[in-house]
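Undergrad:
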Amino acid sequence: MALHLYNSLTRKKELFEPLQAGRVHMYVCGPTVYDYPHIGHAKSYIAFDIINRYLRFSGYRVRYVQNITDVGHLLDSGEDRILRGAEREQVEPMELVERYTAAYFRAMDALNVLRPDISPHAAGHVPEQIEMVQKLLENGYAYEVNGSVYFNVEKWPDYGKLSGRRVDEQQAGARLEINTEKRHPADFALWKRAEPEHLMQWSSPWGKGYPGWHIECSAMAMKYLGESIDIHGGGMENKFPHHDCEIAQSEAVTGKPFVKYWLHNNMVLVDGVKMSKSLGNFTTISDALEKFSGDQLRFFILQTHYKSPVDFTDEAVQAASQGLERLRGAYRKLSERLDRRSEAGAEQMAVMNLTAETRRRFIEAMDDDFNTPLAIGVLFDCAREINKLLDAQQDDIDAALPPVKALFDSLAGDVLGLSLSGEEDGQSAAPFIELLIDLRNAFRQERNWSMADRIRDELQNRGVVLEDSKESTLWRFEK
RNA sequence: GGCGGCGUAGCCAAGUGGCUAAGGCGAAGGUCUGCAAAACCUUUAUUCAUCGGUUCGAUUCCGAUCGCCGCCUCCA
């Protein structure tokens, strides 16, 4: 089975066939950088990170573009989010943007999310956006009123095809004041007139102003990925209006399909309701990292499919972390065995079959719309088999072990982005810990159990767990 | 009201028109161990929200009902 993915546009699972053989052009809606990123952002960008990683693993050349929104994204009040944030923190708008762009990438790095190939800023692409608006005016799909330009949805019968909405069914003014400049309540802003005191404004054919929110994604996606792109991703809540607006304005300019596959990830919930800025029920990623490692958060998120919601609680992350520890345990034992293996012995069929089967089942899971929970289940099955093999104390499996470790490095490491060795931290303490272990083992030789247990307990109190086996004593940090 | 989605064991979570309904966490018992830890073995859903229908057969398809969530121009 080749890669299949669920396309929001057709509401079906489809065989993935890129527009150009062997290449994938992917665009994902990035963050608006006016505050710290929270767990909701983590789920979203981890989901697309997995897609990016898996496409590369599958042999595609990928260009992954994810924008940084730093202008034009308005609040209900009509204020620009960036300007509101700049006022709150008493800094220049671009200073605020810099601050939270850095915070965003710091958080993503901690979660081991690979950087996109291009992270374009909206404010750095105003000419491209103006150019698109001009084309829409020339085509007759847009109109200008008092220095603002709106997209005319009545000229575009397909408007709403992604979300399945029809404009005449919308309740105008249900949530916001009706804008009297618009010809139709569903018309959306491509360009907004700026009042003189507005801090972020650019010259345009229609006077001083700033771009509407939706136009940035179309302009930047097309600039870097072409008029038709393979994959466009984003959060479900952006299907309407954001993505429907992107489709309408892009296709009205080019006359070509804008996106072949639309992918939408689901939400993070807190006590059953969506985690969001406006509800104030969010946990920032940096706060979560105080309690859990990036790997633990990542593993927790990947144990739910990207299209399903996940309820975020400390208990749930803790339970997932126990599972991750299980995978780590198998990997640790495998690594330790490899350090002192003998070259003797033939490759055993049992081990070779395990490697092949694990790889096959993992790929089958991921090919089915990136089913990470199922893929992780495959790794758990493999871990159990590894533990059994290593427990069996057979020397003749040694030669077959390197491919098993390489497989884990590839599937868990490269594709899922998990670090199983857990060896990054505290290595400077290793010689001293190992010294204590040697001492303890000397006590054990003498059957001095009280001293041996005291060393073990004291180490445990300091977060170091010992595990005795026949040949050696393994140790690890416990988070 | 409109559009989309969900309801699987104590908890989390895959999945399939018929073959033992994955896996993880937790819990109980056992093996191993000086004792632990880790690991391994066994047990933990005769049943997939409820009620109908299609079918030789449905948890899986269809319909209704109940409950929950998201969106309907703020959000990843």
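Residue numbering for the first sequence is -4 to 474, as defined by my numbering. Beta carbons: idealized from backbone N, C-alpha and C, even for Gly. Predicted model, so just to flag it, every value in this text is computed and none were measured.
1) Can you look up residue 178 in the DSSP assignment and give me helix, strand or coil?
2) Across the segment 131 to 141 and the segment 319 to 335, are there enough close Cβ pairs to call them in contact, namely three or more that are closer than 8 Å?
3) Compare the beta carbon distance of residue 218 and residue 329 with 9 Å and say whether it is the shorter of the two.
4) Under 6 Å Cβ to Cβ from residue 279, same chain only, skipping five residues before and after it: list those, please.
5) I'd like the span of the alpha helix (DSSP H) that includes residue 218, first residue to last.
6) I want to know whether the segment 242 to 256 touches the segment 287 to 295 - three or more CB-CB distances under 8 Å.
7) Quick check: the Cα distance between residue 89 and residue 236, rounded to an integer number of angstroms?
8) Could you tell me the boundaries of the beta strand (DSSP E) in which residue 472 lies?
9) On the criterion of 16 or more Cβ atoms from any shown chain inside 10 Å, does residue 38 qualify as buried, or is it exposed?
10) Under the three-state reduction of DSSP, which class applies to residue 160: helix, strand or coil?
11) Please report the residue range of the beta strand (DSSP E) in which residue 65 lies.
12) Have a look at residue 53 and residue 360 and give me their C-alpha separation to the nearest angstrom.
13) With a Cβ-Cβ cutoff of 9 Å, do residue 118 and residue 195 count as a contact?
14) How would you label residue 135, buried or exposed, when you count the other beta carbons within 10 angstroms and need 16 or more for buried?
15) Take residue 189 as the anchor and find which of 343, 198, -3 and 386 has the nearest alpha-carbon.
16) Which partner residues of residue 137 appear in the DSSP bridge assignment?
17) Suppose you measure from the CA of residue 13 to the CA of residue 21; what does that come to, to the nearest Å?
18) The alpha helix (DSSP H) spanning residue 402 covers which residue range?
19) Could you please give the first and the last residue of the uninterrupted beta strand (DSSP E) stretch that includes residue 190?
20) DSSP three-state label for residue 366, please.
21) According to the Cβ coordinates, are residue 205 and residue 92 closer than 9 Å?
22) How many Å lie between residue 213 and residue 68 at the Cα?
23) Tell me which same chain residues have a C-beta within less than 6 Å of the C-beta of residue 262, skipping the five on either side of it?
24) Which word fits residue 444, buried or exposed, when buried means at least 16 other C-beta atoms lie within 10 angstroms of its C-beta?
25) Which term fits residue 230, buried or exposed, when burial requires 16 or more other beta carbons within 10 angstroms of its beta carbon?
26) Who does residue 224 pair with in a DSSP beta bridge?
27) Return the CA-CA distance between residue 0 and residue 435, expressed in angstroms with no decimal places.
28) With 16 as the cutoff for other CB atoms within 10 Å, does residue 465 come out buried or exposed?
TA: According to the structure shown:
1) Counting from one through the first sequence, the residue named residue 178 turns up at place 183. It is coil, neither helix nor strand.
2) no
3) Your numbering for residue 218 matches position 223 in the first sequence. Your numbering for residue 329 matches position 334 in the first sequence. The answer is no: Cβ separation not under 9 Å.
4) Here residue 279 refers to the residue found at position 284 of the first sequence. For residue 279, where only same-chain residues beyond five positions count, the Cβ hits under 6 Å are 31 and 33.
5) Walking along the first sequence from the start, residue 218 turns up at place 223. It spans 208 to 220 - the alpha helix (DSSP H) in which residue 218 sits, taken as one unbroken run.
6) No, because fewer than three Cβ pairs between the segment 242 to 256 and the segment 287 to 295 fall closer than 8 Å, the two stretches do not touch.
7) Counted from its first residue, the first sequence places residue 89 at position 94. Counted from its first residue, the first sequence places residue 236 at position 241. Roughly 27 Å separates the two Cα atoms.
8) Taking the first residue of the first sequence as 1, we reach residue 472 at position 477. Residues 468 to 472.
9) The count along the first sequence starts at 1 and reaches residue 38 at position 43. Residue 38 comes out buried.
10) Reading the first sequence from its first residue, position 165 is the one you call residue 160. Note: residue 160 maps to coil in three-state DSSP.
11) What you label residue 65 is simply residue 70 of the first sequence in a count that begins at 1. Element bounds for residue 65: n/a, residue is neither H nor E.
12) In the first sequence, counting from the first residue as 1, residue 53 sits at position 58. In the first sequence, counting from the first residue as 1, residue 360 sits at position 365. About 13 Å.
13) As a first step, residue 118 is located in the first sequence; it is residue number 123 there, counting from the start. As a first step, residue 195 is located in the first sequence; it is residue number 200 there, counting from the start. The answer is yes: Cβ separation under 9 Å.
14) One-based indexing of the first sequence puts residue 135 at position 140. Flag for residue 135 reads exposed.
15) Taking the first sequence and counting its residues from 1, the one referred to as residue 189 is at position 194. Looking at the Cα atoms, 198 is the closest of the given residues.
16) As a working note, residue 137 is residue 142 in the first sequence. DSSP lists 146 as partners of residue 137.
17) For this step, residue 13 is matched to residue 18 along the first sequence. For this step, residue 21 is matched to residue 26 along the first sequence. Taking the straight line joining both Cα atoms gives about 10 Å.
18) Here residue 402 refers to the residue found at position 407 when the first sequence is read from its first residue. Here the alpha helix (DSSP H) through residue 402 covers 396 to 403.
19) The residue you call residue 190 lines up with position 195 of the first sequence. Residue 190 -> no beta strand (DSSP E), and no H or E assigned at all.
20) The residue given as residue 366 occupies position 371 in the first sequence. Here residue 366 sits in coil by DSSP.
21) Mapped onto the first sequence, residue 205 falls at position 210. Mapped onto the first sequence, residue 92 falls at position 97. No.
22) To locate residue 213, count along the first sequence from 1; it is residue 218. To locate residue 68, count along the first sequence from 1; it is residue 73. Roughly 14 Å between the two C-alpha positions.
23) Locating residue 262 in the first sequence gives position 267, where the first residue counts as 1. Here the set comprises 269 and 304.
24) One-based indexing of the first sequence puts residue 444 at position 449. When all chains shown are included, residue 444 counts as exposed.
25) Walking along the first sequence from the start, residue 230 turns up at place 235. In this structure residue 230 is buried. Its beta-carbon is surrounded by 16 or more other beta-carbon atoms within 10 angstroms.
26) Indexing the first sequence from 1 puts residue 224 at position 229. In the DSSP output, where bridge partners are listed per residue, residue 224 has 254.
27) The residue labelled residue 0 in the question sits at position 5 within the first sequence. The residue labelled residue 435 in the question sits at position 440 within the first sequence. Residue 0 and residue 435 have their C-alpha atoms some 54 Å from each other.
28) Numbered from its first residue, the first sequence carries residue 465 at position 470. Label assigned to residue 465: exposed.
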